[in-house]
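Input: a single structure, listed below in structure tokens.
Residue numbers (the working numbering), protein chains in the order written: chain A, -2 to 91; chain B, 171 to 655.
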């Protein structure tokens, strides 16, 4: 069972604001999700290697050369606040 | 014109029975007429479509056209399209204009395909009913009170209602096959790595794969052939040569052996749906296939394994959305950077996306990682090994695509587990990275349902060919919902 404090802790870890009304709903629904995935605990997986990926082959490497071109003007068009080519965020150092 | 398949329209264009401009105009009109009801599109790219159609007409006249030149399709709004809003159906990206094209968008465009617009979907592809979209739910063209399935619900509804001849989609746990089944169309998820993920907004990187939703398997072959293949911009892209799918589907059918897991027919499957599926399997048998009962002993664990692995990957992938470089930024002022991130994300994401991020944060957090995340990866291996073992004896594994036909809007939104169980038959192929296809195989209480075929890695051509042979012998794929015929 995940209580309101657990939800608040997870929200902080995940950088998510959550309203007081959302907490109760998240607590109930996350608890039912965790109860469902808890079925996994009963499975005997001794000696089974974890499968991180379906690709059963080594990943390819590319040459260590710069291929990106400077497109910052285009990319920064999607930003909320830009000044002198820099992204602006709230002041964090007094 | 709108009930014709891509293959037929391609022939029509080449025989000058119509121009690409006429074809595109026809579908834009149908979208205008029907989409206020269906809500299948987030963005309609009318001007770009007409310009691309005019360019296609020039190519057709000059003789440098491909088989796809002039064919209009819709793209799921998860694929980046340069200069066009790419929202992933989220408030978070409501203001995002992609600065580049996804590889599949670029490849189809180079082949002369005309983009009609961007289709609605579950927010960040997280959902099985298209009800988590920031832009509102999509309606099922067969009955507007029902969901079309998800997450590629807009793509499915658009093709089913014949307001687009075909559409792209993505499939992380069934998001192409499940909506295809619930709307009576064909959908294929290729082998993991077969189609580039570059420019496709990530949900769960080890499961995500792009594919198509079409009227027929033959059409899927045509589109997939142009989309698939190595892409150096995707580090998980497979460099195996792409077979000539559209040619191969018409070659003689090798008699195949189909494995049928009897556990798929237990109480979880709607009884009428089971009957329809048995009849479809009989049809394949009549065509020359051999049916063999098989077992996938761990398949029932695919839903719990998926709901650890997918949210874990999602919580990591979605950490990029912070409101700094792009995306939603709260109008309220934050005092510090942490509050700023939390507010942007708290306001920008919908409830289901938040639930999955929190589930991911939980299973990855200290003290739970081994018990949940590593254990889920071990179970994933067991599920995958079951398929490997089955494919030593059979060519495909067949079963239902969904437990039942389409359900009502709002019917399952209150209970995430009920919603998640909709993907019980489709998730296994994602965990194992296998190609899988859903074919319309009958009607249950007047609503379409699908038959799913799963194949060994890189056996798309065999899947598509079997689909094509099945569709030559049946007419379920030609059924069009009453208001859209």
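Every residue gets a Cβ at the ideal spot worked out from N, C-alpha and C, and that includes glycine.
N-terminal and C-terminal residue of the beta strand (DSSP E) that residue i is part of
| i | result |
| --- | --- |
| residue 288 of chain B | 284 to 289 |
| residue 546 of chain B | Per DSSP, residue 546 of chain B belongs to no beta strand (DSSP E); it is in the alpha helix (DSSP H), 545 to 560. |
| residue 464 of chain B | 460 to 464 |
| residue 620 of chain B | 617 to 624 |
| residue 416 of chain B | First-last for residue 416 of chain B: 415 to 418, but that is the alpha helix (DSSP H), not the beta strand (DSSP E). |
| residue 279 of chain B | Segment 273 to 280 is the alpha helix (DSSP H) holding residue 279 of chain B; no beta strand (DSSP E) there. |
| residue 607 of chain B | 606 to 614 |
| residue 55 of chain A | First-last for residue 55 of chain A: undefined, no H or E at that position. |
| residue 244 of chain B | 242 to 246 |
| residue 566 of chain B | 566 to 570 |
| residue 218 of chain B | Premise fails: residue 218 of chain B lies in the alpha helix (DSSP H), 216 to 232, not in any beta strand (DSSP E). |
Cross-chain neighbours of residue i in chain B, by beta carbon under 7 angstroms
| i | result |
| --- | --- |
| residue -2 of chain A | Correct list: empty, because the minimum Cβ distance to chain B is about 12 angstroms. |
| residue 5 of chain A | Those do not exist, as residue 5 of chain A stays about 11 angstroms from chain B at its closest Cβ, beyond 7 angstroms. |
Buried or exposed by the 16-neighbour rule on C-beta atoms within 10 Å, applied to residue i
| i | result |
| --- | --- |
| residue 69 of chain A | exposed |
| residue 545 of chain B | buried |
| residue 462 of chain B | exposed |
| residue 63 of chain A | exposed |
| residue 539 of chain B | exposed |
| residue 1 of chain A | exposed |
| residue 465 of chain B | exposed |
| residue 379 of chain B | buried |
| residue 71 of chain A | exposed |
| residue 89 of chain A | exposed |
| residue 522 of chain B | buried |
| residue 308 of chain B | buried |
| residue 564 of chain B | buried |
| residue 82 of chain A | exposed |
| residue 558 of chain B | exposed |
| residue 205 of chain B | buried |
| residue 12 of chain A | buried |
Integer Cβ distance of residue i from residue j, believed to fall under 8 angstroms
| i | j | result |
| --- | --- | --- |
| residue 438 of chain B | residue 573 of chain B | 6 angstroms |
| residue 297 of chain B | residue 320 of chain B | 5 angstroms |
| residue 366 of chain B | residue 407 of chain B | 5 angstroms |
| residue 621 of chain B | residue 570 of chain B | 7 angstroms |
| residue 497 of chain B | residue 518 of chain B | 6 angstroms |
| residue 553 of chain B | residue 429 of chain B | 15 angstroms between Cβ atoms; not a contact. |
| residue 223 of chain B | residue 190 of chain B | 4 angstroms |
| residue 242 of chain B | residue 335 of chain B | 6 angstroms |
| residue 375 of chain B | residue 304 of chain B | Not really, about 23 angstroms apart at Cβ, beyond 8 angstroms. |
Alpha helix (DSSP H) segment containing residue i, residue limits
| i | result |
| --- | --- |
| residue 341 of chain B | Premise fails: residue 341 of chain B lies in the beta strand (DSSP E), 336 to 341, not in any alpha helix (DSSP H). |
| residue 636 of chain B | 630 to 643 |
| residue 69 of chain A | 69 to 73 |
| residue 479 of chain B | 472 to 487 |
| residue 586 of chain B | 586 to 590 |
| residue 533 of chain B | 521 to 534 |
| residue 180 of chain B | 176 to 184 |
| residue 350 of chain B | 347 to 353 |
| residue 1 of chain A | 1 to 10 |
Under 8 angstroms by beta carbon: chain A residues contacting residue i
| i | result |
| --- | --- |
| residue 547 of chain B | 47, 48 and 49 |
| residue 651 of chain B | Going along chain A, no residue has its Cβ under 8 angstroms from residue 651 of chain B, so there is no contact; the nearest lies around 33 angstroms. |
| residue 535 of chain B | 7 and 10 |
| residue 541 of chain B | 38 |
| residue 415 of chain B | What residue 415 of chain B touches in chain A: nothing, since even the nearest Cβ is about 21 angstroms away. |
| residue 269 of chain B | 68, 71, 72, 74 and 75 |
| residue 119 of chain B | Look at the range of chain B in this structure, 171 to 655, and you will see that residue 119 of chain B is not part of it. |
| residue 266 of chain B | 75 |
| residue 347 of chain B | In chain order: nothing, as chain A lies at least about 17 angstroms away. |
Under 9 angstroms from the C-beta of residue i: neighbouring residues of chain B
| i | result |
| --- | --- |
| residue 87 of chain A | 503, 504, 505, 506, 507, 509 and 510 |
| residue 59 of chain A | 402 and 405 |
| residue 52 of chain A | 362, 363, 376, 406, 408 and 603 |
Partner residues on chain A for residue i, Cβ-Cβ distance less than 7 angstroms
| i | result |
| --- | --- |
| residue 527 of chain B | 11 and 13 |
| residue 516 of chain B | 13, 14 and 15 |
| residue 387 of chain B | Here the premise fails: no neighbours, minimum Cβ distance about 23 angstroms. |
| residue 493 of chain B | 77 |
| residue 499 of chain B | 77 |
| residue 496 of chain B | 75 and 76 |
Chain A residues whose Cβ lies nearer than 9 angstroms to that of residue i
| i | result |
| --- | --- |
| residue 524 of chain B | 8, 11, 13, 15, 19 and 23 |
| residue 513 of chain B | 14 |
Cβ of residue i within 8 angstroms of any chain E Cβ
| i | result |
| --- | --- |
| residue 490 of chain B | The chain labelled as chain E is not found among the protein chains of the depicted structure, namely A and B. |
Quiz item: For the stretch 66 to 79 of chain A, which residues have a beta carbon sitting closer than 9 angstroms to at least one beta carbon of chain B?
Solution: 68, 71, 72, 73, 74, 75, 76, 77 and 78
Quiz item: In the stretch 456 to 486 of chain B, which residues sit with their C-beta less than 7 angstroms from some C-beta in chain A, listed in chain order?
Solution: 471, 474, 475, 477, 478 and 485
Quiz prompt | Contacting positions in the stretch 545 to 579 of chain B - beta carbon closer than 7 angstroms to chain A | solution = 545, 546, 547, 548, 549, 550, 551, 552 and 554
Quiz prompt | Interface positions of the stretch 19 to 41 of chain A facing chain B (Cβ-Cβ less than 9 angstroms), listed along the chain | solution = 19, 22, 23, 26, 27, 29, 30, 31, 32, 33, 34, 35, 36, 37, 38 and 40
Quiz item: According to a CB-to-CB cut-off of less than 7 angstroms, which residues of the stretch 586 to 597 of chain B neighbour chain A?
Solution: 586 and 587
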